[in-house]
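Q: Before I ask anything, here is the structure I am working with.
Residue numbers (the working numbering), protein chains in the order written: chain A, 264 to 446; chain B, 264 to 446.
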């Protein structure tokens, strides 16, 4: 029962820049046929950047699907063949402007396993330093317009409970890295 | 700067059972045109069902996009026009087989705001009771094949750190409902 179901048909509906959409025809474990709609995504990394004074750096950017500017942990899609840990260091440099001296893996999780295969690998990044001449320069995405700010844990827990933080990976990443107390 | 950007063109690529895919042409805040690929989703509810002895009920089901069986908090998409709190009670009945006497809202969060507008409303459900003759019978989805089990908080925290729990909303929901300590 623990083996994946092999689809009898795979139809590719859309191949985009961010994701691909497929409709797969499968026979369910308890019988019956299902057209499974799937968003295929290359996977992503999420970074919990911790400053030397114990604050966490968030980024704020416009998220067009919501029509809103959103405070989030820094994150980004994996490039083809890229190692997630290296991607985490790269995104920390690109979005936060700091190079992490230490990266700890906190786990990997699927945000929407019902219809999407995106896997988010989450890392705690610390011992942050400014880039130097010898470092490979950051190459931020052309469409990114990002504000960064460091927050205390207390402020972040408050922003979660007041609804100012509306991003799920930020809640999960903070919980994994620093803990969240029962309200 | 805090107003949504109005797209100059909206192209609908796919209209499915679970989601719709659109490509919207927008002009970015700092200039430049972007084709924004968007998965439109009706929104969903996530339930943290807490038993009288303080255990949490998870469900295990086959997630075809991953090709794996996954332990998760019970969840489901909103039906058209449905109130999220009523949807939470409905999903608790359908997936866990229990009717909650009490439902507390823990917040609403976006799992993948970069390309999808799904909003997950998260509820703690408690005072669980068996359905009675007078209750409207549950109508589980035809394609669902679900196992349920109650876990202690300690067991759940362990399953998160060992990688047995791979679902992001489960990490976030448990953190919001019961807290997660720093590892």
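Heads up, the beta-carbon is just placed ideally off N, CA and C, and yes, glycines get one too.
1) Going along the stretch 407 to 425 of chain A in order, which residues come within less than 8 Å of chain B, judged by CB to CB distance?
2) Beta-carbon within less than 7 Å of residue 291 of chain B's beta-carbon, same chain only, minus the 5 sequence neighbours each way: which residues are those?
3) Are the beta-carbon atoms belonging to residue 372 of chain B and residue 329 of chain A less than 8 Å from one another?
4) Distance cutoff 8 Å, beta carbons only. Does residue 332 of chain B sit that close to anything in chain A?
5) What residue from A:384, A:383, A:375 has the CA that sits closest to residue 380 of chain B's CA?
6) Quick test of the definition: if touching needs 3 or more C-beta pairs under 8 Å, does the stretch 351 to 361 of chain B touch the stretch 303 to 310 of chain B?
7) Are the CB atoms of residue 401 of chain B and residue 348 of chain B nearer to each other than 8 Å?
8) Out of curiosity, what's the CA-to-CA distance linking residue 422 of chain A and residue 399 of chain A?
9) Under the assumption that residue 322 of chain B contacts residue 389 of chain B (Cβ atoms under 8 Å), give the Cβ distance between them as a whole number of angstroms.
10) Note down, in chain order, every chain A residue with its Cβ under 7 Å from the Cβ of residue 279 of chain B.
11) What are the boundary residues of the beta strand (DSSP E) that residue 312 of chain A is part of?
12) Tell me, which residues are paired with residue 355 of chain B by DSSP?
13) Do you know offhand how far residue 370 of chain B's Cα is from residue 382 of chain B's?
14) If we ignore side chains and look at the alpha-carbon of each, how far apart do residue 378 of chain B and residue 317 of chain A end up?
15) Helix, strand or coil for residue 420 of chain B? Go by DSSP, reduced to three states.
16) Compare the C-beta of residue 290 of chain A against all C-beta atoms of chain B and say whether one is closer than 8 Å.
17) Give the range of the beta strand (DSSP E) segment to which residue 399 of chain A is assigned.
18) Provide the residue span of the alpha helix (DSSP H) that contains residue 275 of chain B, from first to last.
19) Classify residue 283 of chain A as helix, strand or coil using the three-state DSSP reduction.
20) Show which residues of chain B have a CB atom less than 7 Å away from the CB atom of residue 401 of chain A.
21) Residue 333 of chain A: buried (16+ other C-beta within 10 angstroms of its C-beta) or exposed?
22) State the start and end residues of the unbroken beta strand (DSSP E) segment that holds residue 297 of chain A.
23) What is the C-beta distance between residue 387 of chain B and residue 408 of chain B, in whole angstroms, given that I count them as a contact (C-beta under 8 Å)?
24) Could you please give the first and the last residue of the uninterrupted beta strand (DSSP E) stretch that includes residue 370 of chain A?
A: Put simply:
1) So the list reads 408, 423, 424, given in the order they occur along the chain.
2) Answer for residue 291 of chain B: 297, listed in chain order.
3) No, the Cβ-Cβ distance between residue 372 of chain B and residue 329 of chain A is not below 8 Å.
4) Closer than 8 Å: yes.
5) Residue A:375 is the option with its Cα nearest to residue 380 of chain B.
6) With the cut-off at 8 Å, the stretch 351 to 361 of chain B and the stretch 303 to 310 of chain B touch.
7) In this structure, residue 348 of chain B does not lie closer than 8 Å to residue 401 of chain B by Cβ.
8) If you take the alpha carbons of residue 422 of chain A and residue 399 of chain A, they lie about 35 Å apart.
9) Contact between residue 322 of chain B and residue 389 of chain B fails: their C-beta atoms lie close to 17 Å from each other, not under 8 Å.
10) Under a criterion of Cβ atoms nearer than 7 Å, the residues of chain A adjacent to residue 279 of chain B are, in order, 300.
11) It spans 307 to 312 - the beta strand (DSSP E) in which residue 312 of chain A sits, taken as one unbroken run.
12) In the DSSP output, where bridge partners are listed per residue, residue 355 of chain B has none listed.
13) Distance from the CA of residue 370 of chain B to the CA of residue 382 of chain B, rounded to the nearest whole angstrom, comes to 10 Å.
14) Going by the C-alpha atoms only, they are around 31 Å apart.
15) Three-state result, residue 420 of chain B: helix.
16) So, not an interface residue.
17) For residue 399 of chain A, there is no enclosing beta strand (DSSP E), as DSSP gives it neither H nor E.
18) Where residue 275 of chain B is concerned, there is no enclosing alpha helix (DSSP H), although the beta strand (DSSP E) it sits in stretches over 272 to 278.
19) In the three-state scheme derived from DSSP, where H, G and I count as helix and E and B as strand, residue 283 of chain A is classed as strand.
20) Residues of chain B with a Cβ closer than 7 Å to the Cβ of residue 401 of chain A do not exist, since the nearest Cβ in that chain sits about 17 Å away.
21) So residue 333 of chain A counts as buried.
22) Element bounds for residue 297 of chain A: 296 to 303.
23) That pair is no contact at about 26 Å.
24) Counting along the chain, the unbroken beta strand (DSSP E) around residue 370 of chain A starts and ends at 362 to 372.
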